[in-house]
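**Q** Read in order, the letters of the sequence shown are residues -16 to 201 in my numbering.
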Amino acid sequence: LHSFPTRRSSDLEYLLLQMTDEHELQRMDNEVAAIAQGAAHPFLFAAVPVESWNDALSPWEAPAVWGTQGFGCNAADTLRFLTEQVIPTLKQRFALPENVKIILGGYSLAGLFALWASTQTDLFYGVAASPSVWFPDWMEFEQQRPIQTQHIYLSLGDKEEHTKNAVMAVVGDNIRTLHSQLIARGADCTFEWNSGGHFKDADLRTARAFRWVMEESR
């Protein structure tokens, strides 16, 4: 668990949580600095490393879409770890106010996990995600069990839907549909296209997502 407080604990208004892998951790200082730049609200940022990305963040099993590694179904365990261990530990360690606003963010499969987690609990003030909404059966699932948080930032690279991979090619249509449905339900939701493919400026894109939920959500 890697934490980055920006003020003394009693003043912290937001707790930002991001599931991450070792590669993302190397650029986490950049991301936190980008969030803090111009931010009006004090926050604590906590990066929560996961070892088996495809298993820990997947809500159900799915076949591989590239390479040979498929997707497990351990998201429920990961969410339980967040709610029963990570969040209480952070609240205690940093003496966070009881009403601290918790934003769950993430990139790629961690973004999908953030959206899925917010269908399971109303704990989160907002979700900041550039999510893998191509994930099989996600759209049907969200229709049956809607996202509960009212503040959602969505983004996607403008080249991501232009792929020969038939499973992943639906990501553009899915995120447009999800955005429209959330708006229709009255959620405070924005959707932003980023220039480039999936892996370009992931840290800065995620920083922009967190900052929008903190600074611009109504």
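Note that the Cβ used here is the ideal one computed from N, Cα and C, for glycine as well.
In chain order, what are the residue ranges of uninterrupted alpha helix (DSSP H) at least 4 long that sit wholly in the region 65 to 152?
**A** Runs found: 70 to 76, 92 to 103 and 121 to 127.
**Q** Near LEU95, which residues of its chain fall below 6 Å by C-beta distance, leaving aside the five closest residues on each side in sequence?
**A** These residues qualify, in order along the chain: PRO114, SER115 and PHE118.
**Q** Run through the DSSP bridge pairs and tell me what VAL31 is partnered with.
**A** For VAL31, which the question treats as bridged, DSSP gives the partners MET2.
**Q** Just to confirm, are ASN82 and GLY140 a CB contact at a threshold of 8 Å?
**A** The answer is no: Cβ separation not under 8 Å.
**Q** Report yes if the CB atom of SER138 is closer than 8 Å to the CB atom of PHE174, and no otherwise.
**A** Yes, the Cβ-Cβ distance between SER138 and PHE174 is below 8 Å.
**Q** Alpha carbons only, please: which of GLY155, MET197, ARG159 and GLN133 is nearest the one belonging to LEU172?
**A** Per the sequence presented here, residue 172 reads as Cys, with Leu not at that position. For the residues GLY155, MET197, ARG159 and GLN133, the minimum Cα distance to CYS172 belongs to GLN133.
**Q** CB-CB under 8 Å to ILE158, same chain, minus the five flanking residues each way: which ones, in chain order?
**A** Cβ within range, chain order: PRO114, VAL116, LEU137, LEU139 and PHE174.
**Q** For the alpha helix (DSSP H) containing GLU14, list its first residue and its last residue.
**A** Note, GLU14: alpha helix (DSSP H), 11 to 19.
**Q** Exposed or buried, ALA167, counting other C-beta atoms within 10 Å across all chains shown (16 or more means buried)?
**A** So ALA167 counts as exposed.
**Q** Work out the CA separation of MET151 and ASP4 for me, nearest whole Å.
**A** Cα to Cα, ASP4 sits roughly 21 Å from MET151.
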